[in-house]
Every structure is written in structure tokens, then in C-alpha cells.
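**Student:** Residue numbers (the UniProt record's numbering), protein chains in the order written: chain H, 1 to 348; chain F, 1 to 348. Ideal Cβ placement from N, Cα and C applies to all residues, glycine included.
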């Protein structure tokens, strides 16, 4: 079902998932397209970003952001185009990054918009990826918390994902030995041959810990954490003294409903932090680093212009496919940054 | 058995403890006093510091420092006096901080010595406490990693111990709301009435978590960790977003031989670090901050001179009592900084 100019298709949160989300947790409904009041713009969604954090917003467990309410539109970053404007700063045809969520049309008073201009307009969906939230997460988490030094070993989980692929490449630009961890031989080959990682290991291999130990012969100085679970278990014993662990996600745990069986390894982690003098630090990119967005955008745009970074998108066509695609993303079925093409990429 | 000038009593590590150490893990032996060669000094121990980290050195589990070997003298910081000198920089009668360990006499080439002068000589054992390693640990861990801001809530475990008592008092100097946790009503009263903490809670109370929640009404911004175990469990749910947890010790776990029964709460800690964007950082004072000792010593000496800090010592007489005292220290039986008076306090 393609986008049309009379109907606003919206995908709502119908119920909260217990464990992995299913399509039944979502509901599609259609409304009339709303009209902007004075000071507002009407936005039409062209690209919708799907990201692991969305699983957290579907739950009402306490977290850093309020949950999506039942019956509300699923949240999400979009690249949108201004269709009508009653706002002095925006003209029809302007391209913006917005938080419009999973719908065709939305209203905004402009306060949460970021106007796109210059080279990014050649590839607007990049504003949701390499030049957007995932790129910003990779850049700040690695450089500010991870603080990698030339010759150090950096390990990155979800190595071909939106964030991980950039973490590894930036670490290579900084002169590090980079070992990725990904799911499956194809992704691992891609990380080594296309992204230029020194090595990429398959987390489905039974001997991940052994492999990791072999390819991190001098230990691990920075582990960029986005998955948790068994990858973390393999990494922890190899962390070097004074190692840094920026934590931007724990996708392996998002769908779990209970803590794993014992023994209780919490004291083990505490003890590793003490004995190895580790710095383990969680961060949420916009809250913690919003004030440094310009610095990121300038540097990353330059690297993109110089062709020093590869960024792979996993493009899915059609808003209707968003639920299934998010479910797959949480299982690692995507290959690269997931973006949903809600409408044609050409300006209206 | 008092110190005499002919005999070097040495307390050796006789065997490695399994769980809590016992007196059988130690052995007292007597030797002749050694003679210094060219470039050496002969030191006579006056004060010996006993500290929780010593439990770690009794084990051969991998740690940040090599273990004490079986049959070797137990390690420990001392305040010592130069008895004979074949070293140009030291004269007989000089007072130094040394790592002489649990013995009456030792030789040094001077490289690990810190000469005492000025006001600290009025109270030489302070060089093992408020102006030594524990003070340095409190100062740097709190100020550099904890970074407490006026009006924030700081919680400190082992609140009347060498480190904790200073952490809380420095946090008060910085304008924080300070809640201590200690073992027993007497220590709690002392923390409130003498140290000036806003509140001190008894970790033996069944309702510690409730009490802590009540007295940290605005959550916890900095938790200075030195104990782990159930205190940490009570603290974690109360940590505020962007909270900081400097970790200098985990005394509650030092004697444990197995991980606790499940469930495995390691993912719970990871998830708290992510959701609350916590910074959890281990540190070992000399390795991490050795280059900033002068800054600490200057500021702390000034606070001492201005009478702005209280520092309580738990003085034990006689080297022979060191084993029993360390065993008690690991059980929280001490009240204040434990120092062993190996010999009279007056310069020889």
C-alpha cells in the first residue's frame, strides 16, 4: 500500500510485548491528513529509521525515556519533507530530520526539526545513519568514552550494524587493531573485506571465547558494547588493565523476560572493574552529547566526503513492513542500517 | 614481645587462606637484624598500616598486584625510622614512609621511600592514614571520578573506616548531602555526630534498602564503593541518571570462595549502567593517581591544619597482634584506621 496524499497511515502500539515482539503488538490505522495551524508545518515521511532502542519504548519498565503509550504512534526518527508550512522558518519542499514516528504525515512546531542542506541531500537517509543518531553514537561513544590510542585493541559487537560498522572503521582511522563480532560468515567476511577490520568473529561459533582470545593477543583495551549476553562474557576476561567499555545498548537482553540462571555473576563484574580498573559507562547519545552534535557532523561529513567510511543500508520498502522488520532487527536479521522507504526518495 | 635492636621479628605468609584468613596462615620468625650495604639504609618499623587490600595479596588469584609469596614477609606500608645509613640522601633519625611490611627491620635503597617532614611529624602515623594511601584514595576517588556537585547526594560505605570517613567529610566540604553506611549503632552515631554526616545507616538492619531510599529522597548521585555485597544491592536501584560509582574495594567479597546463588544479576548491573548512564570505574590509587600525590598532600594537609577533618585511628599495640587484627578488619571489627604500633612513637 503506497503513500497517498489524502491518508495518514499510522502504526500504533497495540499491546506491550512479553519477550520478543510480534506483529500483534502493532496496529495499522488510517486517518485524514491533519492541517497545520499557525506556527506549524505539515511533514510527509520519506524515510523512517528502525533502531534497537525502540524495543525499550514498547515496554513500560522504567528507562531513560518514557514509553510509547498504548494506542499511540510508534516513535521513530524520520527524514521528512515539508508539505505545507505555517511556520516562518520552513518552506514547502524543505527536507528535515524529524521524530515523526511510524506514520505518513505529522505536524511539528519546528522545535524538534533539523533542516537538511548541502551534500547530505544527495542521500537523505544518511541523516538517519552515518550522519545521524547511529553515527553520532559510534563517534562519541568510541572517541569520548573509549578514547582509543594507536596500537590498542578495540573490539566491537554487532560489527556490521549501523553503529558497530562505524565504530570499527573510526577505530581503524585512529590506528587501532580492530576485531569485530557479528552473526554469520557473510557478515564477518564483509567486516573484514569491505569495512577493513583486522578480524571479525562469528558469535554463533561455539569457540567464540577462544577465537577472541587468539585474535586479541594483547588483550582488549576498548570494548564497544551494544549487545551484552555471551559476547560480553567472552570479552570480559580479556579486558586489559585500564580498559574502557562504553555501553550504548544491550540488544541480546532486550527481549528477555527473566534473569538467567545462577550463579550470580554480579560480583564477578564488580571484581573485574576493581581489579582491572575498568571504566564502564552507559550513555544515551542525545542526552549526553547533544551539545557536541555539530562537532560530530562536521568531522563525519568530512570523512564521508573523503570516502574514508563505508556505510551499508538495509532498505525496506513500505511502512507496512516496519513491524516485521523491527522484529527481525532484534534477532539480528538485518545487514546494515535499517531504513524504511515510506515514500519515493525524490522531493515531491 | 617488644621490639629489640638485635632481633628482626618477621611475620610471614605461611599458607594461602581459603575463605576468611586464620592465624594459621601466618608464621612469626626471628632473624638477625641485617646490615645495610653501600647505597642502602636500615629502617626500623614504628608504625605498620593494616588495610583490606592485604587480603588480596594473600591469594594467588590474578589481581592488579602480584601476591605475597609463601614464606615471604607480609606486605604493608610502614612509618619507619632510619637506624643506619649508607645512603647519601638519608641520615640516621630520618622518618620515612616505607613498604617494609610486617617486620621490625628492613633494608631499602631509598627508591620506595617518602621522607616525612613538617607538621606530619607531630603525628607520624597520619602518613599511613589521612595523609597517606587511604586519604589519597578518598580524595581522588571522590573528587576525580565521583566529581560531586553541591546539593548532590553522596553515599559512602564503610563510613567510619579510613577511606569512608574522609570521603564523607570531603563530600560535606563540597556541599553535598552525605549518607554513610556502617556496621552497628555506635559507628553510625559517630558518623553523624562527630564526622558530621547527614545520616548514617546500619547495614545490619534488615530494612537497609528502605532506610536508604528514605534518606536519599532525591536519589544517589555518587556512591563511593569499597564493600560490594548487600550494600551495593541496596544502592543500585537508587542511583540517579548520570550517577558515578568509583570502586576502590569490595571488602564484602574478599573472603568469599564461590559466587552467590542465582539468578545471574550481571545483566541487571549492565542494564542499570545503560539505562541510568552510570559511570562505574575501578581505581588503584598509586597506579592511577601517583602523579597527583603532591596535589592531594598539599590540600589534605591544609584541611588538617585548619582542623576541618576528623580522623580516627584504631591503634593496636605490638607486631604480634597484626594477624588477629587483619582478620578482624576484614570482618569490620575495627573502628577507624587500623595502625599497629610496632615500637614507641618517639623518635629513637
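(1) Is the CB-CB distance between residue 50 of chain H and residue 252 of chain H below 8 Å?
(2) List the residues of chain H whose Cβ lies closer than 9 Å to the Cβ of residue 64 of chain F, in chain order.
(3) Residues of chain F with CB closer than 9 Å to the CB of residue 149 of chain H, please, in chain order.
(4) Confirm the yes/no value for this check: CB of residue 81 of chain F, any heavy atom of the ligand COA, distance under 7 Å.
(5) Using 8 Å for Cβ pairs, my map puts residue 25 of chain F next to residue 54 of chain F. What's the rounded Cβ distance?
(6) Mind checking residue 207 of chain F: buried by the 16 CB within 10 Å criterion, or exposed?
(7) Nearest to residue 77 of chain F by CA position, among F:62, F:211 and F:105, is which residue?
(8) Pull up the DSSP beta-bridge partners for residue 32 of chain H, would you.
(9) Mind checking whether residue 73 of chain F and residue 102 of chain F have CB atoms under 8 Å apart?
(10) List the residues of chain F that residue 350 of chain H touches, going by C-beta distances under 8 Å, in chain order.
(11) Check whether the segment 25 to 43 of chain F and the segment 80 to 98 of chain F touch, using three or more Cβ-Cβ pairs below 8 Å as the test.
(12) For residue 288 of chain H and chain F, any beta-carbon pair shorter than 8 Å?
(13) With a Cβ-Cβ cutoff of 8 Å, do residue 274 of chain F and residue 116 of chain H count as a contact?
(14) Between residue 269 of chain H and residue 238 of chain F, which are expected to be in contact by the criterion C-beta below 8 Å, what is the C-beta distance as a whole number of angstroms?
(15) Residue 149 of chain H: which of H:179, H:175 and H:299 sits nearest, CA to CA?
(16) Residue 47 of chain H to residue 327 of chain H, Cα distance in whole Å?
(17) Is the shortest distance between the beta-carbon of residue 85 of chain H and the beta-carbons of chain F less than 8 Å?
(18) Assign residue 18 of chain F to one of two classes, buried (16 or more other C-beta atoms within 10 Å of its C-beta) or exposed (fewer than that).
(19) If the criterion is Cβ atoms closer than 8 Å, does the pair residue 226 of chain H and residue 163 of chain H meet it?
(20) Taking Cβ-Cβ distances below 9 Å as the criterion, which residues of the segment 31 to 56 of chain F are in contact with chain H?
(21) If you run the structure through DSSP and keep just helix, strand and coil, what is residue 243 of chain F?
(22) For residue 107 of chain H versus residue 97 of chain H, is the C-beta spacing smaller than 8 Å?
(23) In or out: residue 189 of chain F buried (at least 16 other Cβ within 10 Å) or exposed?
(24) How is residue 187 of chain H classed by DSSP in three states: helix, strand or coil?
(25) When the Cα atoms are used, what is the spatial distance from residue 330 of chain F to residue 221 of chain H?
(26) Does the segment 193 to 206 of chain H come close enough to the segment 132 to 146 of chain H that 3 or more CB-CB pairs lie under 8 Å?
(27) Just the chain H side, please: which residues come within less than 8 Å of residue 283 of chain F by C-beta, in chain order?
(28) Establish whether the CB of residue 2 of chain H and some CB of chain F are separated by less than 8 Å.
(29) Of all Cβ atoms in chain H, is any one closer than 8 Å to the Cβ of residue 167 of chain F?
(30) Could you round the C-beta distance between residue 191 of chain F and residue 159 of chain F to whole angstroms and report it? I think they count as a contact, below 8 Å.
**Tutor:** Short version:
(1) Going by C-beta atoms, residue 50 of chain H is not nearer than 8 Å to residue 252 of chain H.
(2) Ordered by position in chain H, the residues that pass the 9 Å Cβ test against residue 64 of chain F are 241, 274, 275, 276 and 277.
(3) The contacting residues do not exist; residue 149 of chain H stays about 16 Å from chain F at best.
(4) With respect to the ligand COA, the structure offers nothing, as it holds no ligand at all.
(5) Rounded, the Cβ-Cβ distance is 11 Å, inconsistent with contact.
(6) By the 10 Å Cβ count, residue 207 of chain F comes out exposed.
(7) Closest by alpha carbon: F:105.
(8) Answer is H:7, bridged to residue 32 of chain H.
(9) When the beta-carbon positions are compared, residue 73 of chain F and residue 102 of chain F come within less than 8 Å of each other.
(10) There is no way to answer for residue 350 of chain H, as the model of chain H reaches only from 1 to 348.
(11) Flag = yes, the segment 25 to 43 of chain F and the segment 80 to 98 of chain F touch.
(12) Chain F, which has a Cβ nearer than 8 Å to the Cβ of residue 288 of chain H, makes this yes.
(13) Taking 8 Å as the Cβ cut-off, residue 274 of chain F and residue 116 of chain H do not qualify as a contacting pair.
(14) Wrong, their Cβ atoms sit about 19 Å apart, outside the cutoff.
(15) Residue H:175 is the option with its Cα nearest to residue 149 of chain H.
(16) In this model, residue 47 of chain H and residue 327 of chain H are separated by some 18 Å (Cα to Cα).
(17) For residue 85 of chain H, not one C-beta of chain F is nearer than 8 Å to its own C-beta.
(18) Classification of residue 18 of chain F: exposed, given that the 10 Å Cβ count is below 16.
(19) Between residue 226 of chain H and residue 163 of chain H, the C-beta gap is smaller than 8 Å, which places the two residues in contact.
(20) Going along the segment 31 to 56 of chain F in chain order, one finds 56 with a Cβ nearer than 9 Å to chain H.
(21) Strand, per DSSP.
(22) 8 Å or more divides the Cβ of residue 107 of chain H from the Cβ of residue 97 of chain H.
(23) Counting Cβ neighbours within 10 Å, residue 189 of chain F comes out exposed, since fewer than 16 surround it.
(24) Residue 187 of chain H: helix per DSSP, three-state reduction.
(25) Answer to the nearest angstrom: the Cα atoms are 32 Å apart.
(26) Taking 8 Å as the limit for Cβ pairs, the verdict is that the segment 193 to 206 of chain H does not touch the segment 132 to 146 of chain H.
(27) Under the 8 Å cutoff, chain H gives 277.
(28) Judged by the 8 Å Cβ criterion, residue 2 of chain H is not in contact with chain F.
(29) Not a single CB atom of chain H sits nearer than 8 Å to the CB of residue 167 of chain F.
(30) With 8 Å as the limit, residue 191 of chain F and residue 159 of chain F qualify as a contact, their Cβ atoms being about 5 Å apart.
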